[in-house]
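In terms of the numbering used here, the sequence shown opens at residue 73 and continues consecutively.
Every residue gets a Cβ at the ideal spot worked out from N, C-alpha and C, and that includes glycine.
Here's the structure we're looking at; comments come further down.
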Amino acid sequence: MEWAARAIGVFYVLGGLMLLYQAWLNWRLQRALAGLMSLPIAEQIGDGVVALAAVLILVSGAALAALSGWSVVAFMAGWTIQALYLLCAPDCRRDSRPSAVHCRRRSIHAFAGYTAVTGLVLCLPMTGVLG
């Protein structure tokens with residue numbers, strides 16, 4: 073069971089790094105286009121929340137890969153940020169373009185997977201896997 077927990081942790085470390093890189097690229101693109109158009113404050117806040125979620129995913133994966141007891145706290149914090157983002161994201165439910173619908177669906181599927189892993193992590197201290 074320990075090797076599976078470590079593998080899942082490494083997966084989320086890599087996922088967090090990829091999401092953090094994407095947030096960084098998005099920030100750079102917005103800075104480059106700042107002279108041409110202004111971004112609404114809600115989108116800037118949304119980008120900050122995505123960066124925060126990326127850091128929490130990275131930290132939760134690292135804690136799980138190390139079989140740390142902090143995994144439970146990190147996964148719950150990451151889950152909370154993601155849930156709040158999906159519930160409160162501005163204008164995302166009104167956008168009916170096929171690409172927006174596809175991205176929203178992918179986000180919900182990723183959140184469902186993270187929810188399942190968070191449930192597993194919540195059970196790991198009872199099995200003695202997390203220290």
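Taking C-alpha atoms, which residue in the options lies nearest to residue i?
i	options	result
Ile80	Leu139, Leu111, Met90, Arg176	Leu139
Ile180	Leu92, Leu159, Leu86	Leu159
Counting C-beta neighbours from all protein chains within 10 Å, is the total for residue i 16 or more, i.e. buried, or is it exposed?
i	result
Gln116	exposed
Leu101	exposed
Val85	buried
Val131	buried
Val173	exposed
Leu105	exposed
Met185	Met is not the amino acid found at residue 185; the sequence shown has Gly there. Looking at its Cβ environment, which holds fewer than 16 other Cβ atoms inside 10 Å, Gly185 is exposed.
Gly150	buried
Note down the Cα distance separating residue i from residue j, rounded to an integer number of angstroms.
i	j	result
Gly107	Gly133	38 Å
Cβ contact (3+ pairs, closer than 8 Å) linking the region 179-191 and the region 137-151: By the criterion of at least three beta-carbon pairs nearer than 8 Å, the region 179-191 is in contact with the region 137-151.
Cβ pair count under 8 Å reaching 3, the region 88-96 against the region 122-136: In short, these stretches touch, since the Cβ pair count reaches three.
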